[in-house]
Every structure is written in structure tokens, then in C-alpha cells.
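Going by our numbering, the first residue of the sequence shown is number -16, and it counts up by one from there. Just so it is clear, CB atoms sit at the ideal spot from N, CA and C, and this is done for glycine as well. Just below is one structure, and these are the notes that go with it.
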Amino acid sequence: MQNILIVDDKVENLLVLETLLERSDLNLVKASNGKEALWKLLSDDFALVILDVHMPEMDGFEVANLIRKNKRTRTLPIIFVSASHGEEASVFRGYETGAVDYLVKPVDDVVLKSKVNIFLELDKQRQTIIDNSLQLRKANEELRLQSEILDNMSEGVILIKAADGAIVFTNPKFEQMFGYDTGELIGKNISVVNAPTEKTPAETANEIIEALNKNNHWQGEVCNIKKSGKHFWNSAHVSTFDHPKYGKVWVSIHNDITQTKKAQYELKTERDKLKRIMETMQDGVLITNKEYEIEYINDAITKEFGDVNGRKCYEYFHNETTPCLWCINEEVFSGKSIVRETFSTTNNKTYSVFETLIRNIDGSVSKFEVTHDITDIKHAQAMMKRELEFQSAVAEVSEALLSTHTSIYDIGEIIHKQVLKLTGSLYAYVADIDHKTEEVVTLAYSNMASSKVCTVEARYYRTAFPKGKDGYNALWGHSLNTKEGFYTNNPQTHPAFKGCFPPGHVPLDRFLSVPAMIGDKLIGQIALANSERDYTDEDLNIIKRFSTIFALAIERKRMEEQLNELNTHLEAMVEEETEKRLSQEQMMIQQSKMAAMGEMIGLIVHQWKQPLNAVGLTIQDLRDTYSYDELNEKYVNDTVETMMSQLIFMSKTIDDFRNFITPSKKKIRFDVNTAIEELLSMFVNIFVKNNIDVSVKADNDALLTTLGYPNEFKQVVLSILNNARDAIVLRKEHGSEIKGFVKINITNDEDKSKIVISIKDNGGGIADDIMEKIFKPYFTTKEIEGTGIGLYMSKTIIETNMGGSLIVANKNGGAEFVISLDVYSGEEGG
């Protein structure tokens, strides 16, 4: 979508231009003065500026000069619009400042639209040139990278024409492997590099060609011959593809495996000698006798712990001078096989150990051990445990956040309790930022005074840390000043430590602090002290994650408080209306409808824009008619009739939306296709604005009348459509270039007893891990914006209230919701 900036100090002129130029593919940005226009130019890219010449404070010429001085907007097209006639000096000055055109009011609609369209097309062409240039540069970089990869590969690469076996390309590594100079192999037949083995080169070639013709690839070991005549072995991977110049070709990647094959032979010989020893095991293998003497260790243990040098097992593994207290030698030598875990202080790793008794050829017995390093697994388990603890803490915070009875102090207390638990800290405080004074105000904290005499909860008195002219003070203020979390396990050495703790404050051994932020805005702070162990990066990361949740919780609660204050005067009316007309379920339905109120208001504004313009123009014409003494009875009657027709249209728009919001009092017969068409007549602009096509198709012979609540049915369809719209918009924001659509198909089942409404979209579908949850109450994927009741109430309305069914499944890159309702048979009232 292209942006056009309209600058005029008169609102009516801006409205006229906006009405004249309004298009679904244009974003018209308005500014009422030069300063506002310059700020908007810095915040977004524009295809064109339509600029009024005569404005207070800063006229259009000054604005244009500043636009031309900015590198970013230097080439931006400017069309001047002036109410002055015949001022050639102004026109010349406009062109001198870089304007592409100069129009005099009243502006001819056709001329203005034509000129705007020309500059919009030029902007599109300019952007296309930029995009093509970037793509060409990227393609060249990719080609250069591919060439560098081929030149620097450690494998030999050769390209052979399938038609005659001629070599058309070799990379430097291939030429080096075979002892040829650069380009010397080009044009030669592939047979020059094949050596005879049990098969002739021709037989080997035919075998490879047969596999290539059948499978388009071949992989195996081949014996090749260097230019010097020396034979050597290669692992070759050959595949087929069509080359634009050489036609069908074979590309083969060669690895010299001569030394590997030699090692394999030697290894096989060694295995035969050792037999019972698997030296290549990655796990450690250890054999000891009853006296703790090490009889054998494999390389895996040697690499980890070094040479034995005559040490006994407890000396070698644990740096002990006597047998370990936990040693189970006696149990193993008694004949038991044992699996256990042990921790080595030598390398700080954890092992799973299998120990059993083996009998030697000479009749003696030894203990055979296999050790497997499970350090990473233990670490992962610890991380998983901590993550579960974190998620449990988040769940508690989320539960409190969703409750209307919890306060900011309640959330502070929960956060305080959880961060102490997650980090093993003795002390902590949780605070928010007073946005008027910028003071740090504690919501919950551990009493850090050494006397510990105060047991009053933080909510009942106010503890605040002020912000000075140089920012926040001391160690506690460091993270707020830098807006970065940090920790120190030696606070006295930290640059921000100023020894400003009051008398009676406990000694500070360790300290961790994280600012709670939304974007660049400080919301609060979480600080901890004196963990039982040193703080780590993991502690910092988990508190950072918690601080984000804390910031969102505080911000949301603040917003709830503000909303509660705004709605206080409506409480009596809401309570009276609720007692008379709504059950708890109906309240939830109304909440779901109110979630769409903002969009409804936007639609009403859209519907009213044209009649308001017509009324405004009629009023202006009335004034002009009076001033020219042309006012007569017929003119007054026509004017009244025109204005009343517009006002009636505006009133009907309000009635349509009011009727949609009002719950149906009882079940009535209604046509589902008509209900959906009525719904779309009110809301289709929401989808048009997001470039989403909504279509409705009903079978010609379908029975579409059912018994139920038409307004609630519309709300169900709207809820599903809104979810589809959100999914498509999110998919586009993540880079997917799709044409969004929602297809509604209405039909009957085979025996025409059910009405089946299918609503399909191409928004990417629903993740498997949430598919089973989407119909649960208060489950939402939209974080702050979602109420979590839309689909739950939709299912309740369809299945409980109307006796139908509502299911969902992923289909063809999107989600498909299917509503099934009984066809009205005339056996029930309504």
C-alpha cells in the first residue's frame, strides 16, 4: 500500500482531498501544519506530498525546502495547491523549491486524480527498479559464493557429459587429488581416471551408468589412478542433472579414502586380537580388581581423565586417598550387577555406571564397568525442572492477572514469592515505577532490616526510591539507569556500589536486578539478593523472562484500574440491566460482541462519511444561495429532502448495528444464508481493508431455514471470521505473500436434515498443540488482545442453545470451521 501525505491547515480541505483520493490501495496521511508534516515524513515512506502553499507559522515553500534538504525525502514528488490566482511569482517559487506541479483551487478532480496516478505509478516503477537491483546483487553474491565453495571444498568435484563421457569441469581439489594441472583434464574422457580392479574400468563405468539411468544417483567406492600412475581409493557420490550448456551431465564428488581403507584393515586385525575389548566405544570402559587397582581403561576414559600412572580407582577418578564411602565393590564382587549414577569432582561431570563381575581366563575375577556421560542429560533435566517451575510461576501470575479481584500488590506478592523460589534468594523486592514522579515504589519486598521487627505488608505503607538529577542511585538503580539486567556475586567491587545502605541493613553478598520494561518504557523492577549460591546467566535470563510478564501484568492492571474508573458511573445501569435480561452466559456473549465494538464504530464512521460530506456540501451551498439571494421555497424543500434522506440513512446504519448487538429473546425461524449476508453487509469493510476476499456460496436447492437465535448465530460467524482475519494478517506480517480469502459454503447433508456451513481460510491453520484447547473458556492465542471467550461461547451457542455442532480442522493451508444445524421442520414453535 502506497502512502500520500496531504498537508493543509484547514480541516475541510483535508476532508475534501481525502474523499476525492480515497482508494483501498492508498493510505492517506493528513497533516494540519508544516511541523506535523515533517514529523510524519520522518516516520514513514511516501509516494507523494500534496502541499498547501499558504499556512500559518511555516508556509508550503518552507516545508518544501526542508523536504529537499533531507537526504531521505530529497526526491519525493511535491504538488503545491494554492487558493491564489494569477500569482506567477508563487508558481515560479514553487517550481524552484522542487515541486513537480502547482495547482490552483478549486482543483479539478479529474486533473488531480490523473496527476496523482502518474506519480503513484512512477513510485511503483522506482520501487521495482530498487527491488530488481537488490535481487540481481543477491544473485551475483550467491554465484560468487557458490564459486568460492567449489574452489575451497575439501572434496574433489568433477562434471561429466553423459553423452560422451567428456570431462567439462573439475575443481582445484579434484585436480590436486589426481595430480593434474589446472584445466588439464577438460575434454578428456572419464576413463583416464579409472583404474582396473576386479572389474575393468568399462565394467565399473557401465555399472555406475546403469544405476544413474535408473535412480539418477550412485554412491560407492572406486579405485582411481593418478596422473603418475599411482592407484588410490575414493568414495564417490554421483548424481544426474540437466545442464543448460552441456545437456545431461553427471556430477561426482570424490573423497580420498585410501588411508581410511588402510585403517579399516588394521582395525579389523586389531579387533581380532583383542576380541573382548571394544576400544572404539564412546562410553568409558574400566576394569578393576578387588584391591581397586585399574587393570584396563579405554581411550574414552584416558581422554577425559589422563593416564593412570599406577593410581587406584579412587585416586584416579575422585582424588581420594582411601576408598570412597559410596563404593559398592563388595556388592559387585558378590555377584550383583548394579546400575548407578556418580559424580566426578575431577571433571565435574555426572556418569551413569553399569558394574558387573567378569571372570578372567586365569580364573580370577574383576569388576567390569561401562560409564556413560549424562552430564548434558542431567543439565537438560535441571533446565526442564526449572522451566516447569517457571511455567508454574507464570501460571499463578496469569491466574491472578485474569482475576478481577487481584490488585497490583497481589501480583507483586506473587512475583516476589516466585522469584525467591526460582533463584534460591533470601531477599527480594518487586516495585513499579510511578510515572508521575518516576519514583521506584515497592509492591512487595523481603524485610532486609537486621532487626526484622516490621511485619506490615508492603501494600499498607509506601516505600519509594527517588530518581535524582543523575538518575537512580547506587546498586539498586544501576539496572534502571542502563535499562539492562545484571548480577554481581561480589557487590562491593561493582562500579555502582556506593555503600549507601542504611544502618541495620543486612550485608549484601550477592545481587541481581532486572528492569521490567515494555519496549523502551520502564514499568518496574525485580531485585534479588543473597542467593544460597552464586547467581548465573540462567538466573538472569529467567528473571528477565519473568520481568516481561510482570511488566505486562502491571500495565494491564493499570489499564483495568483506569477502565474501572471510567465505567464507575455505568455500574448501576449495568447491574439493573443484567438482573433483568441477562444470564451469566448472555453476559459472556455480550462481552464477545463488545470486543468487536471498536471495529463496528469504524464501520459506522465509514458508512457516515459520505452522507456527512453530502450534508456539509448542502449546508455550504445553502449559505452561498442565501448570499446570492437565490433562496426560494423550492430550493428549501429540495435541500431539506436531501439532508433528511442522508440523516435517515445514517439513522438506519445505527439501527442495523444496534440490532446486531441486541440478543435474541427467543428462538425464531431464520435463513442462515440471509443472516450471513446481513452480517457481511455490516462488516465486509473490515476484510476489504485487510485485502481479504470473503465469498458466500449456497446450493440452489439447499434447505437453509433453521430454528434458533439469529443474532447469536451472526456473532458465532463473526467470531470465526475475525479469527480467520487475524490469522491471515499475522501470516502476512511474517512475510507470506498470500492473497487472503475466507470461503463460506452452505449446503445440506445427504438426507437434507442438516444445514452445513463451512468457513475456510488460508491463514496457515491452527497449531496442533492448541487445536484441542481453542474451544475452552478463556483460552486465547492473542495475548493481551484476546478475551478467550469467542470460540468457547460460539460452541456453547451452536451446541447448547441451538442443538447443533461446531468443529474445526486444518485443511489446505488454513482452518475450516464447520457448523451443523437442524433444518427447520415446522414441528417446533417460532
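Cβ-Cβ separation, residue j to residue i (assumed contact under 8 Å), whole Å
{"i": "isoleucine 240", "j": "glycine 267", "result": "Not quite, the Cβ-Cβ distance comes to about 29 Å (not below 8 Å), so this is no contact."}
{"i": "histidine 461", "j": "serine 496", "result": "7 Å"}
{"i": "glycine 139", "j": "asparagine 115", "result": "At roughly 37 Å, the Cβ-Cβ gap does not stay under 8 Å, so glycine 139 and asparagine 115 are not in contact."}
{"i": "valine 32", "j": "valine -10", "result": "7 Å"}
{"i": "asparagine 123", "j": "phenylalanine 161", "result": "Between phenylalanine 161 and asparagine 123 the Cβ distance is about 31 Å, and since that is not below 8 Å, they are no contact."}
{"i": "leucine -3", "j": "lysine 18", "result": "Not quite, the Cβ-Cβ distance comes to about 16 Å (not below 8 Å), so this is no contact."}
{"i": "tyrosine 412", "j": "tyrosine 428", "result": "3 Å"}
Pair within 8 Å by beta-carbon distance, residue i and residue j
{"i": "isoleucine 526", "j": "isoleucine 537", "result": "no"}
{"i": "threonine 406", "j": "leucine 511", "result": "yes"}
{"i": "glutamate 158", "j": "leucine 142", "result": "no"}
{"i": "tyrosine 775", "j": "lysine 759", "result": "yes"}
{"i": "glycine 454", "j": "asparagine 464", "result": "yes"}
{"i": "valine 205", "j": "alanine 219", "result": "yes"}
{"i": "glutamate 338", "j": "isoleucine 321", "result": "yes"}
{"i": "valine 36", "j": "phenylalanine 29", "result": "no"}
{"i": "proline 478", "j": "phenylalanine 494", "result": "no"}
{"i": "alanine 447", "j": "valine 423", "result": "yes"}
{"i": "alanine 47", "j": "alanine 72", "result": "no"}
{"i": "isoleucine 675", "j": "phenylalanine 724", "result": "yes"}
{"i": "asparagine 668", "j": "arginine 708", "result": "no"}
{"i": "leucine 804", "j": "valine 655", "result": "yes"}
{"i": "leucine 24", "j": "isoleucine -13", "result": "no"}
{"i": "leucine 11", "j": "leucine 21", "result": "no"}
{"i": "serine 777", "j": "serine 702", "result": "yes"}
{"i": "glycine 691", "j": "lysine 735", "result": "no"}
{"i": "tyrosine 470", "j": "leucine 403", "result": "no"}
{"i": "asparagine 16", "j": "aspartate 42", "result": "no"}
{"i": "phenylalanine 670", "j": "valine 679", "result": "no"}
{"i": "isoleucine 501", "j": "leucine 535", "result": "yes"}
{"i": "lysine 697", "j": "leucine 662", "result": "yes"}
{"i": "tyrosine 518", "j": "asparagine 547", "result": "no"}
{"i": "serine 741", "j": "glutamate 695", "result": "no"}
{"i": "isoleucine 753", "j": "alanine 681", "result": "no"}
{"i": "asparagine 330", "j": "phenylalanine 288", "result": "yes"}
{"i": "lysine 156", "j": "serine 137", "result": "yes"}
From the options, residue whose alpha carbon lies closest to that of residue i
{"i": "aspartate 685", "options": "Tyr807, Arg57, Leu49", "result": "The displayed chain sequence assigns alanine, not aspartate, to residue 685. Here the closest residue by C-alpha is Tyr807."}
{"i": "glutamine 401", "options": "Ser390, Ala383, Val377, Gly148", "result": "Val377"}
{"i": "alanine 499", "options": "Met367, Gln364, Ile416, Gln475", "result": "Ile416"}
{"i": "proline 306", "options": "Glu314, Lys295, Ser349, Leu614", "result": "Lys295"}
{"i": "alanine 149", "options": "Tyr229, Gly203, Lys213", "result": "Tyr229"}
{"i": "lysine 350", "options": "Gln374, Val380, Lys368, Ile311", "result": "Ile311"}
{"i": "valine 133", "options": "Glu287, Tyr297, His237", "result": "Sequence check: residue 133 is leucine here, not valine. Of Glu287, Tyr297, His237, the residue nearest in Cα terms is His237."}
{"i": "histidine 301", "options": "Ser327, Ile277, Asn281, Ser317", "result": "Ser327"}
{"i": "phenylalanine 653", "options": "Ser678, Thr689, Asn668", "result": "Thr689"}
{"i": "tryptophan 459", "options": "Glu276, Ala414, Ile790", "result": "Ala414"}
{"i": "leucine 704", "options": "Tyr618, Leu595, Asn(-14), Met665", "result": "Met665"}
{"i": "serine 390", "options": "Ile112, Pro39, Glu543, Lys680", "result": "Glu543"}
{"i": "glycine 395", "options": "Ile33, Gly507, Trp216", "result": "Gly507"}
{"i": "lysine 319", "options": "Tyr299, Thr304, Thr329, Ile341", "result": "Ile341"}
{"i": "phenylalanine 529", "options": "Thr551, Ser514, Lys419, His399", "result": "His399"}
{"i": "lysine 722", "options": "Gly796, Gly502, Ile602, His226", "result": "Gly796"}
{"i": "glycine 468", "options": "Thr476, Leu505, Gly487, Asp604", "result": "Leu505"}
{"i": "glutamine 242", "options": "Tyr275, Thr783, Trp216", "result": "Trp216"}
Any non-hydrogen atom of the ligand NAP closer than 7 Å to residue i Cβ
{"i": "proline 498", "result": "Here there are no bound small molecules, and the ligand NAP is not part of this structure."}
>> Tell me whether the stretch 332 to 342 and the stretch 353 to 371 touch, counting them as touching only if at least three CB pairs, one residue from each stretch, are closer than 8 Å.
In response: yes
>> Is it the case that the stretch 742 to 758 contacts the stretch 700 to 717, given that we only count it when at least three CB pairs across the two stretches are under 8 Å?
In response: Yes: at least three Cβ pairs fall under 8 Å.
> At what residue ranges does the stretch 178 to 261 contain a whole run of the alpha helix (DSSP H), taking only runs of 4 or more?
Replying inline: If we require 4 residues or more, the alpha helix (DSSP H) runs fully inside the stretch 178 to 261 come out as 184 to 198, 241 to 257.
> Do three or more CB pairs link the stretch 96 to 113 to the stretch 188 to 203 at distances below 8 Å?
Replying inline: no
> Does the stretch 79 to 98 come within contact of the stretch 53 to 68, defined as at least 3 CB pairs closer than 8 Å?
Replying inline: yes
> Along the chain, which unbroken stretches of the beta strand (DSSP E) at least 3 residues long are found entirely within the stretch 45 to 93?
Replying inline: 61 to 65, 84 to 87
> Could you give the uninterrupted runs of the beta strand (DSSP E) lying entirely in the stretch 671 to 745, keeping only those of 3 residues or more?
Replying inline: 675 to 681, 688 to 691, 723 to 731, 737 to 744
>> Which complete alpha helix (DSSP H) runs does the stretch 83 to 162 hold, if anything under 4 residues is left out?
In response: The stretch 83 to 162 contains these whole alpha helix (DSSP H) runs: 92 to 135, 155 to 161.
>> Count Cβ pairs between the stretch 170 to 189 and the stretch 264 to 281 that sit closer than 8 Å; are there 3 or more?
In response: As far as the Cβ criterion goes, the stretch 170 to 189 does not touch the stretch 264 to 281, which means the pair count is below three.
> Where are the alpha helix (DSSP H) runs, 4 residues long or more, that stay fully inside the stretch 511 to 552, in chain order?
Replying inline: 520 to 550
> Along the chain, which unbroken stretches of the beta strand (DSSP E) at least 3 residues long are found entirely within the stretch 289 to 374?
Replying inline: 321 to 327, 332 to 342, 348 to 356
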